[in-house]
Ligand code: HEC
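Residue numbers (our numbering): 34 to 409.
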């Protein structure tokens, strides 16, 4: 095998690169068979080892992002024959390392998703684009090796095209991952208008492809929504008796304690708001203030005064644990029966944001729970 090659150096280094690349591809394919990407809530508990590795996803992902970004510049230089001669091998090395990093990030990501609670449009797009982008980079790697072996600029240019597209898909996928941890508005919040409007429109379009159509919102998804932030009207809960505009009553210490602020909110904070507050607002739902808890998320109607059946949060809390829509998601810290009863009681007697603890008549059997919460 080595006897007929006139130049001993080059084939040797490519052989090593071929072997590494094939190993990477095999690992990727077999890994996906063992840990298939899921788009619904995972069934059953993952092993603690899987969950342990999963938490490294946000760390591992910097590896491919960094290497593959630098590679973009190298490939621009390599697009001339001289550039390729000088930097081709360095680029190949980066491509191999970047692919390995991408594979690592993909599997850590899949393992992270086994914690449950990862569903929705941002997640679907993030997972799909991450998988496709990585596959694309691996295909690009094979084409690069073929191009280098045959010294063919055509193949190398084809490789670069595949690489740039794959890198773009991966980058976009990464963006939806960012949305998952920082919320959809994070990146564009302070962006200039000319940048924001097309971004928001593109993002909505992509999300509309993967998200279940929502009855009323379906049409707005495709049209570039006017990005002028119309402040969500603070609607006082329609059926509430007095038309009091809801001052959230930020009671400074010493003031009288409020039922929502000091009894209900602590329960939401403990059991719901890891996923439903400023940092993460799954289902577009935040419950860290009274207004936001009342306003609800994608579906609206989160807590409807006096009406358990229309209060989406209550409905979802009461679903059987195994139901995909049950809250908190399966495997997460669940509400105690007393906490559930307390939330139901609060909704039934008006879901008030201003009622004081002294005025409230808590059911006797919940008094101990309430006292416990008030003590902190
Ligand atoms: C581990 C994360 C997590 C926790 C904890 C959690 N949720 Fe959720 N929640 C989600 C995700 C993800 C979605 C979006 C997907 C869906 O609708 O199932 C969601 C959606 C919802 C929705 C639907 C929002 C809408 O308008 O469509 C409601 C209501 C809700 N959660 C209530 C709660 C309540 C109440 C709690 C606490 C008792 C809670 N969640 C705890 C992850 C979580």
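Note that beta-carbon positions come from the ideal geometry of N, C-alpha and C, so glycine has one too. Here the structure is a predicted model, which means the values were calculated and not measured.
- Query: Taking the alpha-carbon positions, what's the residue 301 to residue 136 distance?
  - Reply: 37 angstroms
- Answer yes or no: do residue 172 and residue 130 have a C-beta to C-beta separation smaller than 8 angstroms? no
- Closer than 7 angstroms: residue 315 CB and nearest the ligand HEC heavy atom: yes
- Message: For the alpha helix (DSSP H) containing residue 122, name the first residue and the last one.
- Response: 114-146
- Leaving out five residues before and five after residue 389 in sequence, what residues of the same chain have Cβ atoms less than 8 angstroms from its Cβ? 289, 290, 291, 292
- Message: Quick check on DSSP: helix, strand or coil for residue 418?
- Response: Here the chain covers residues 34 to 409 and nothing more, so residue 418 does not appear.
- Message: Using a Cβ-based criterion (distance less than 7 angstroms to any ligand heavy atom), does residue 163 qualify as near the ligand HEC?
- Response: no
- Out of curiosity, what's the CA-to-CA distance linking residue 87 and residue 63? 18 angstroms
- Task: Give the range of the alpha helix (DSSP H) segment to which residue 229 is assigned.
- Result: 226-243
- Task: Find the nearest neighbour of residue 308 within the set 401, 148, 49, judged by alpha-carbon distance.
- Result: 148
- Message: Could you give the first and the last residue of the continuous alpha helix (DSSP H) run that contains residue 103?
- Response: 95-111
- Thinking C-beta only, is residue 319 closer than 8 angstroms to residue 327? no
- Query: Is residue 295 helix, strand or coil when you go by DSSP?
  - Reply: helix
- Is any heavy atom of the ligand HEC found at a distance shorter than 7 angstroms from the C-beta of residue 295? no
- Query: Three or more beta-carbon pairs under 8 angstroms between the segment 369-381 and the segment 392-408, yes or no?
  - Reply: yes
- Query: Based on the DSSP secondary-structure assignment, which residues constitute the bridge partners of residue 389?
  - Reply: 291
- Within 10 angstroms of its Cβ, does residue 141 collect 16 or more other Cβ (buried), or is it exposed? buried
- Helix, strand or coil: how does DSSP classify residue 215 here? helix
- Tell me, to the nearest whole angstrom, how far the beta carbon of residue 181 is from that of residue 121; I am working on the premise that it is less than 8 angstroms. 6 angstroms
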